Each structure stands twice: as structure tokens, then as C-alpha cells.
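Under the working numbering, the first residue of the sequence shown is numbered 455, with each subsequent residue one higher.
See structure below.
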Amino acid sequence: MSKTIFYFHGFMSSAESSKAQIFKKFIKNNFPDTKLIIPNIADKFSEAIPQLNKLVSEDLSESKSFIGSSLGGFFATYFAELYEQKAVVINPAINPSEGLKEYLGTNKNYSNGNKFELTNKDIEELKEIEILKIKNPCNYLLLSESKDEVIDYIDAVSFYDGGYIDLKFGGSHSYDSFSKKLDTIKKFLNL
Numbered sequence: 455m456s457k458t459i460f461y462f463h464g465f466m467s468s469a470e471s472s473k474a475q476i477f478k479k480f481i482k483n484n485f486p487d488t489k490l491i492i493p494n495i496a497d498k499f500s501e502a503i504p505q506l507n508k509l510v511s512e513d514l515s516e517s518k519s520f521i522g523s524s525l526g527g528f529f530a531t532y533f534a535e536l537y538e539q540k541a542v543v544i545n546p547a548i549n550p551s552e553g554l555k556e557y558l559g560t561n562k563n564y565s566n567g568n569k570f571e572l573t574n575k576d577i578e579e580l581k582e583i584e585i586l587k588i589k590n591p592c593n594y595l596l597l598s599e600s601k602d603e604v605i606d607y608i609d610a611v612s613f614y615d616g617g618y619i620d621l622k623f624g625g626s627h628s629y630d631s632f633s634k635k636l637d638t639i640k641k642f643l644n645l
């Protein structure tokens, strides 16, 4: 069976993020027949959402799964719900249309230096695809660290209640223990 994993990075990050590269190496070294797609997601949501919809819909694999960190976790949840597939969400954004309002205006991507304007239209684009309640919690593995300084881990634990929850006390929004969780991810995604 052909299998594709989509890895979605967080807001103002890139496909070159440390977690994306750790996961890329892990898949390449252990599961060379698994197709891994790590897109550079557009900074503006009005561009990112159509970009990701096109990318995922054009993949003809029999099995798709999703991994995402922060805002990427939000996108992973959206696609897991849409395709009724599994997702691993890492310190995921739960309600980004509210949380990202503080970034309205000019921003600079931390990873590539790209400057971009975040508008109310972008925020509305996010709001349109927000999932209010997941349909099948067993399709989710939540990896969360309690010292996440951006997203309240309690909100994530509540949102993914009934799913597989791996909560580590300490850490940060970057999810410091990612490399130690590769085996957990492997088992959850049945690699």
C-alpha cells in the first residue's frame, strides 16, 4: 500500500525547521518506501490554505497521514478531519484565528527572512477551516509540553481529549523532546 506523510511546519517557519529535518532523516533512514512531503507553506493564510489543499488533494496515495507543529498542527487536524486519517499534532494551535490577531500587519518569517503582510482576510481564511470538535479522537496523537510559552497545553489536552495524549512536563513551544518521540510517532502511524 502506498503511504504518504505530510509534515506541516509552524507559522513563520519553513520546511528547513529542525523538527522537519529530524523527521525527514528518520523517514529516509528507516522507511525509504514512505513518501514524505514537507512543503514550504506560504506565510499568508490566503495563499497557504489553497496551496495545501492542492498539494494534499493531488496526492494519490492510498494512505495519507499528517504531522504538524503549532499552526502546522492546526493544518494537520484540518486535513485529518477532511480525509478521516491520522495526525500527529505537536504543541498545536487550537484557535489560531484568535491567537494570531496580534500578528496583523507586517511580519518577518523567522526562518527565511521573508517579509509579509498579515491581514484580516488572512485571519478570516483560518476561521473558515477551524475545527470546533474532532470527530474521531483516536485518529490523533497529541505531543505537548507543559512549558509551551505560546500555546496553553491545557487547551490542547482538552481539544484532543479521547485521543492519544503524550504530555511532557517542562519543555517549550519548540517541543524540545521531539527526537525522543520518533518511535512513538512510528507506532502511532503504523510505519
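We put the beta carbon where it would ideally sit given N, CA and C, even for glycine.
Only a predicted model underlies this, so the values are computations on that prediction, with no experimental measurement involved.
Scanning K457, F462, F480 and G464 for the CA closest to the CA of K634 turns up F480. V510 sits in a helix when the DSSP states are folded into three classes. Ranked by Cα distance from N545, the options N566, I476, L597 and L572 are led by L597. Nearest to K569 by C-alpha distance, out of H463, A496 and I492, is A496. When the Cα atoms are used, F642 and S628 turn out to be separated by approximately 21 Å.
The three-state secondary structure of T573, taken from DSSP, is coil. Per DSSP, the unbroken beta strand (DSSP E) holding K622 starts and ends at Y618 to K622. Per DSSP, the continuous beta strand (DSSP E) segment holding S598 begins and ends at Y594 to E599.
In the three-state DSSP reduction, A474 falls in the helix class (H, G or I). Here Y594 really is in contact with A541; their C-beta atoms are around 6 Å apart, less than 8 Å. Residue environment: F623 is assigned as exposed (fewer than 16 neighbouring CB atoms within 10 Å of its CB, all protein chains considered).
Inclusion of G464 and L525 in the CB contact set at 8 Å is warranted, their separation being smaller than that value. C-alpha of N563 to C-alpha of D637: approximately 31 Å in a straight line. It is roughly 12 Å from the alpha-carbon of E571 to the alpha-carbon of M466.
Between the C-alpha atoms of I459 and F477 there is a straight-line separation of about 10 Å.
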